[in-house]
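Quick mapping for you: the protein sequence lines, in order, are chains H and Z. Residue 160 in the numbering used here sits at position 160 of the first sequence, with consecutive numbering throughout. Residue 199 in the numbering used here sits at position 24 of the second sequence, with consecutive numbering throughout. Glycine included, every Cβ here is placed at the ideal spot set by N, Cα and C. None of these values were measured; they are calculated from a predicted model. Data block below; observations after.
There are 2 protein chains.
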Amino acid sequence: MKFCPNCAAPLANRIPPGDSLPRDVCDACGSVHYQNPKLVVGCVPEWDGRILLCRRAIEPRYGYWTLPAGFMENGETAAQGALRETLEEAGARVEIIAAFSMISVPYVNQVHLFYRARLLDLEFRSGEESLEVALFEEAAVPWKDIAFRTVGLTLKHWFADRARARFDFHTEDLK
Amino acid sequence: MKFCPNCAAPLANRIPPGDSLPRDVCDACGSVHYQNPKLVVGCVPEWDGRILLCRRAIEPRYGYWTLPAGFMENGETAAQGALRETLEEAGARVEIIAAFSMISVPYVNQVHLFYRARLLDLEFRSGEESLEVALFEEAAVPWKDIAFRTVGLTLKHWFADRARARFDFHTEDLK
Numbered sequence: 001m002k003f004c005p006n007c008a009a010p011l012a013n014r015i016p017p018g019d020s021l022p023r024d025v026c027d028a029c030g031s032v033h034y035q036n037p038k039l040v041v042g043c044v045p046e047w048d049g050r051i052l053l054c055r056r057a058i059e060p061r062y063g064y065w066t067l068p069a070g071f072m073e074n075g076e077t078a079a080q081g082a083l084r085e086t087l088e089e090a091g092a093r094v095e096i097i098a099a100f101s102m103i104s105v106p107y108v109n110q111v112h113l114f115y116r117a118r119l120l121d122l123e124f125r126s127g128e129e130s131l132e133v134a135l136f137e138e139a140a141v142p143w144k145d146i147a148f149r150t151v152g153l154t155l156k157h158w159f160a161d162r163a164r165a166r167f168d169f170h171t172e173d174l175k
Numbered sequence: 176m177k178f179c180p181n182c183a184a185p186l187a188n189r190i191p192p193g194d195s196l197p198r199d200v201c202d203a204c205g206s207v208h209y210q211n212p213k214l215v216v217g218c219v220p221e222w223d224g225r226i227l228l229c230r231r232a233i234e235p236r237y238g239y240w241t242l243p244a245g246f247m248e249n250g251e252t253a254a255q256g257a258l259r260e261t262l263e264e265a266g267a268r269v270e271i272i273a274a275f276s277m278i279s280v281p282y283v284n285q286v287h288l289f290y291r292a293r294l295l296d297l298e299f300r301s302g303e304e305s306l307e308v309a310l311f312e313e314a315a316v317p318w319k320d321i322a323f324r325t326v327g328l329t330l331k332h333w334f335a336d337r338a339r340a341r342f343d344f345h346t347e348d349l350k
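The structure is reproduced here in structure tokens:
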């Protein structure tokens with residue numbers, strides 16, 4: 001059972017008039033409550049050919065390595081969100097170069113968006129959500145201990161693009 | 176006053192432990208209710224150098240012209256959402272070529288994402304949310320009657336990219 005955030009009455013789940021999908025509808029106050037996918041925004045922070053990764057201090061995937069990223073917040077742009085997450089999780093100041101990868105993850109209702117970014121200095125440090133933060137060259141990336149498929153794919157695209165000396169924008173869908 | 180969708184108790188708005196922003200917090204059941212930006216996904220459908228636009232039959236911007244686009248739904252990829260909106264609003268079947276523009280609109284908590292697309296036939300027709308649907312060459316685009324700034328910017332990028340015979344991925348932030 002779910003309740004209306006506007007009036008606390010019980011919600012019904014059905015297709016509203018003129019719509020095509022079931023929604024949480026309030027018969028008491030007439031409001032409709034939509035659920036939509038969330039954007040996860042982050043960076044691929046580079047320093048001299050190495051990439052900054054964070055080892056997660058939180059679930060899901062505690063102890064696994066990830067790029068700094070998190071849920072985009074209301075009131076910010078996608079790039080501002082990526083900068084904020086990079087500062088929060090890795091204590092790292094970066095300059096964004098360009099959008100790099102956008103991967104839909106429909107089974108968790110998310111779209112993951114990563115920017116290529118340049119570290120401005122080496123004064124990074126673990127935030128509250130990271131156990132450790134470190135720079136990795138390609139051969140040293142802990143491929144078997146990457147937290148999320150979108151992060152692994154983004155890293156693979158990054159090293160492949162660097163090898164051919166041209167960075168593209170990559171879109172992909174996970175199943 | 177807002178109420179908890181899980182237990183119907185009144186919500187408080189404050190910063191939860193370990194967080195940095197105020198959230199809707201339920202002291203009765205301990206749940207936290209996040210608000211995040213929404214993705215609006217759509218297409219730039221092309222046929223022989225002309226672009227398909229829809230004249231809106233709904234508010235906001237009733238009577239103004241737009242590209243087919245709408246809120247991405249749970250369970251779909253961004254590209255599937257763009258195809259669905261193009262079919263719903265313009266009755267148009269398209270093939271997606273590539274992601275084309277991504278524009279953050281932080282003052283309404285949205286990110287607008289448009290794909291370049293090729294119309295598969297000319298059997299388009301107005302959906303319930305459109306008054307009319309038509310193909311426009313560049314000189315005929317109703318620039319003063321475009322519904323949204325993200326749509327105007329995307330169309331300008333499209334015609335500029337076509338003129339130089341190279342389509343890029345464009346990211347932008349509105350203020």
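Inset, instruction - If I'm right that H/I103 touches H/E172 with Cβ under 8 angstroms, what's the distance once you round it to whole angstroms? - result: Indeed, because the Cβ distance is near 5 angstroms, the residues count as touching under 8 angstroms.
Legend entry - Length at least 3, wholly inside the region 196-268 of chain Z: the beta strand (DSSP E) runs in chain order: The region 196-268 of chain Z contains these whole beta strand (DSSP E) runs: 198-200, 213-222, 225-231 and 244-246.
Legend entry - Pair within 9 angstroms by beta-carbon distance, Z/A274 and Z/F344: Yes, the pair counts as a contact, with Cβ atoms nearer than the cut-off.
Inset, instruction - Quick one: using the 10 Å Cβ neighbour count with 16 as the cut-off for buried, is H/K38 buried or exposed? - result: By the Cβ neighbour-count rule, H/K38 is buried, with 16 or more other Cβ atoms within 10 Å of its own.
Legend entry - Reference Z/G250; option with closest CA among H/R14, H/K156 and H/L21: Cα-wise, what sits closest to Z/G250 is H/L21.
Inset, instruction - Within 10 angstroms of the Cβ of Z/I226, are there 16 or more other Cβ atoms? Answer buried if so, exposed if not. - result: Counting Cβ neighbours within 10 Å, Z/I226 comes out buried, since at least 16 surround it.
Legend entry - Closer than 7 angstroms at the beta carbon, the chain H residues around Z/M212: The identity of residue 212 of chain Z in the sequence shown is Pro, whereas the question assumes Met. For the C-beta of Z/P212, the chain H residues within less than 7 angstroms are, from N- to C-terminus, L39, M72 and N74.
Inset, instruction - Report buried or exposed for Z/Y209, applying the criterion of at least 16 other Cβ atoms within 10 angstroms of its Cβ. - result: With fewer than 16 Cβ atoms within 10 Å of its Cβ, Z/Y209 is classed as exposed.
Legend entry - Nearest to Z/E264 (by Cα), restricted to the options Z/L186, Z/F178, Z/G205 and Z/T241: Ranking Z/L186, Z/F178, Z/G205 and Z/T241 by Cα distance to Z/E264 puts Z/T241 first.
Inset, instruction - Closer than 8 angstroms by C-beta to H/G3: which residues in its own chain qualify, once you throw out the five before and the five after it? Chain order, please. - result: Reading off the sequence, residue 3 of chain H comes out as Phe, not Gly. Only A9, P10 and L11 meet the Cβ criterion.
Inset, instruction - Could you say which of H/V25, H/G42, H/L53 and H/V40 lies nearest to H/L135 if we only look at CA atoms? - result: When only C-alpha atoms are compared, the closest one is H/L53.
Legend entry - Distance between H/L87 and H/G49 (C-alpha atoms, nearest Å): Put simply, the backbone Cα of H/G49 is about 20 angstroms away from that of H/L87.
Inset, instruction - Compute the distance between the beta-carbons of Z/L288 and Z/G217, then report whether it is under 9 angstroms. - result: Taking 9 angstroms as the Cβ cut-off, Z/L288 and Z/G217 qualify as a contacting pair.
Legend entry - Proximal chain Z residues relative to H/K2, where beta-carbon distance stays under 8 angstroms: Result: P180 and N181.
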